[in-house]
Structures are given as C-alpha cells and as structure tokens.
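Using the numbering used here, the first residue of the sequence shown is number 1, and each one after it goes up by one.
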Amino acid sequence: MSNKDELLAQVKEMSEEEAAQMRLVFAPEWPSRATSIGEIRKRLGTRGMTPEESAEFWREYGPSMQAPDGEG
C-alpha cells in the first residue's frame, strides 16, 4: 500500500464531524515554509505574545499548568 493509499484510507475512515475539523496542509518538503510558525500566524491572523503578555500569562495560568498528580 502506498502512502497515498494509506492517506486515502485514513480520510475515508473519518466521521463527517472529524472531517469538518480537519485542515490539510500540503508540504512536499518537511519542514517547509508553509508550516513555519510565521506562516501559520499569518494565515490565522495571530501574533506572538510580547514579553509582558507572556509574563502576565505565566503569572496567571502557570500554577494550573502542572501535572495533576503533582509530578513535573
């Protein structure tokens, strides 16, 4: 079975709900410019946090981002 056949089989097995949530990015050379964080942010219209925003984020949410069993 070729990679293309495997991909088609995976797509055919998806539910309509799963397929509705998918976005396919064709990147013949991986990693590629199309999958860089800069290109992804451009497509989604987002940006990186400023150092101040990052510090505020970690102050507010950092304590709740620990492993639930106390490890880590």
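Each residue gets a CB set at the ideal place from its N, CA and C atoms; glycine is no exception. This structure is a prediction, so every number in the text was calculated from the model and none was measured.
At which residues does the alpha helix (DSSP H) containing R41 begin and terminate? Counted from its first residue, the sequence shown places residue 41 at position 41. Residues 37-44.
Please state whether DSSP places A67 in a helix, a strand or coil. Looking up residue 67 in the sequence shown gives position 67. Residue state, collapsed to three classes: coil.
Could you check what DSSP says for V25 in three-state terms: helix, strand or coil? Here the question's residue 25 lines up with position 25 in the sequence shown. The answer is coil: DSSP assigns V25 none of H, G, I, E or B.
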